[in-house]
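Every letter in the sequence shown is one number past the one before it in the numbering used here, and letter 31, counting from 1, is 39.
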Amino acid sequence: MIRGINGIGLWSLYMKEVRRFLKVQTQTIWAPAVTTLLFLVIFSVALGRGGREVLGVGFPTFVAPGLIAMAMMQNAFANSSFSLLSGKIQGTIIDLLMPPLSEGELMAGIVGAAMTRAVAVGFVVAGAMLLYPGISLAMAHPWAVAWFGLMGAAMLSLLGLLASIWAEKFDHNAAVTNFVIAPLAMLSGTFYVIDRLAPLFQAISHANPFFYVISGFRYGFLGQSDIGDGGAGAVALAGAGLLALNALIALGAYALLKSGWKIKN
């Protein structure tokens, strides 16, 4: 009789998911560092010429934290969105549904592994960026780096889980990535500050949760942000808002797992 939390089962699921992405770590951990460095080189050459500064720092230093956070979020989504979907397509989803795991434990194992991959990618990308000339990754507020990094990873891990519940084939998952995740990531203020946008596009940016993750994460490094007045109070409020949003997404994912929609039919 298992009472409370099935710790052994939860740990086993978590390790299964971690070992799955570590088995192909060249693709899941190291390749994002190369891709992100290419983004950095291209945008630094295109927009950072002539010693251009943004928020009082050189353009490469300004854009680096946003690229790290973006890589973390995209890989968190990729990891969690593959778990249930691959099981549904290959017919191995029974291996996740038959063990004595509750819906919460199933969600925690998948989301936890996706966040682990996101953190690993973040460290690898940051290490690669330190090799780029002119970049400083000195942290002004380490708490903001940790909080917004984890909140962004959790948000995309949960969204990936929702996508894998809904999707019936890999094309569906790719559609979410290409038409939802990628545009939100690119339009999150990674390469610019939103006060240079027209008022309409500033309002759209403020409705994009990716913007708060990127700007809050950047605040942890630079000590400056384009959230509200750029002060610590506005950043802390944004952090609390991301926590509330993640809680709502988690409740929605739990309800869908509990209902068995597109999983147990």
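For glycine and all other residues, C-beta sits at the position ideal for the given N, C-alpha and C.
Buried or exposed: residue 137, going by 16 or more other Cβ atoms within 10 Å of its Cβ?
-> By the 10 Å Cβ count, residue 137 comes out buried.
In angstroms with no decimal places, state the Cα-to-Cα distance between residue 79 and residue 263.
-> Cα to Cα, the separation comes out at about 28 angstroms.
Please confirm whether residue 44 and residue 133 have their CB atoms less than 8 angstroms apart.
-> Between residue 44 and residue 133, the CB-CB gap stays under 8 angstroms.
Output the distance between the C-alpha atoms of residue 19 and residue 180, rounded to the nearest integer angstrom.
-> Computed Cα separation, rounded: 29 angstroms.
For residue 180, the first and last residue of its enclosing alpha helix (DSSP H) | The continuous alpha helix (DSSP H) containing residue 180 extends over residues 178-184.
So is residue 243 buried or exposed if we call it buried at 16+ other beta carbons inside 10 Å?
-> So residue 243 counts as buried.
By Cβ distance, which residues of its chain are closer than 7 angstroms to residue 107, with the 5 residues on each side in sequence left out?
-> Once the five neighbours on either side are set aside, the close Cβ partners of residue 107 are 17.
What number of angstroms, rounded off, separates the C-alpha of residue 149 from the C-alpha of residue 226?
-> Near 10 angstroms, if we compare the C-alpha coordinates of residue 226 and residue 149.
Inter-stretch contact (C-beta, 8 angstroms, three-pair minimum) for the segment 64-72 and the segment 158-166 = Not touching, per the Cβ criterion.
For residue 62, write down the residues that DSSP places opposite it in a beta bridge.
-> According to the DSSP secondary-structure assignment, residue 62 is paired through a beta bridge with 65.
Quick check: the segment 76-90 against the segment 162-178, are there 3 or more CB pairs under 8 angstroms?
-> By the C-beta criterion, the segment 76-90 is judged to be in contact with the segment 162-178, since at least 3 inter-stretch pairs fall below 8 angstroms.
Contiguous alpha helix (DSSP H) assignments of at least 4 residues, all confined to the segment 86-134 | Unbroken alpha helix (DSSP H) stretches of 4 residues or longer found wholly inside the segment 86-134: 102-105, given in chain order.
Best match in 218, 261, 11, 202 for proximity to residue 189 [C-alpha to C-alpha] = Here the closest residue by C-alpha is 218.
Three or more C-beta pairs closer than 8 angstroms, one from the segment 184-200 and one from the segment 115-123: is that the case here?
-> They do not touch, by the three-pair rule.
Take the Cβ of residue 103 as the centre, count every other Cβ of all protein chains shown within 10 Å, and call the residue buried at 16 or more, exposed below.
-> Burial call: exposed.
Going by Cα to Cα distance, which pick from 46, 105, 27 is closest to residue 269?
-> Among 46, 105, 27, the Cα nearest to that of residue 269 is on 105.
Whole-angstrom C-beta distance between residue 233 and residue 224, which should lie under 8 angstroms = Their Cβ separation, rounded to whole angstroms, is 7 angstroms, which keeps residue 224 and residue 233 in contact under 8 angstroms.
Residue 21 versus residue 212: straight-line alpha-carbon distance, rounded = CA-to-CA, the gap between residue 21 and residue 212 works out to about 38 angstroms.
Sequence-distant residues of its chain with Cβ nearer than 7 angstroms to residue 65 (five each side left out) = Here residue 65 has 230 as same chain residues with Cβ atoms under 7 angstroms from its own Cβ, once five neighbours each way along the sequence are excluded.
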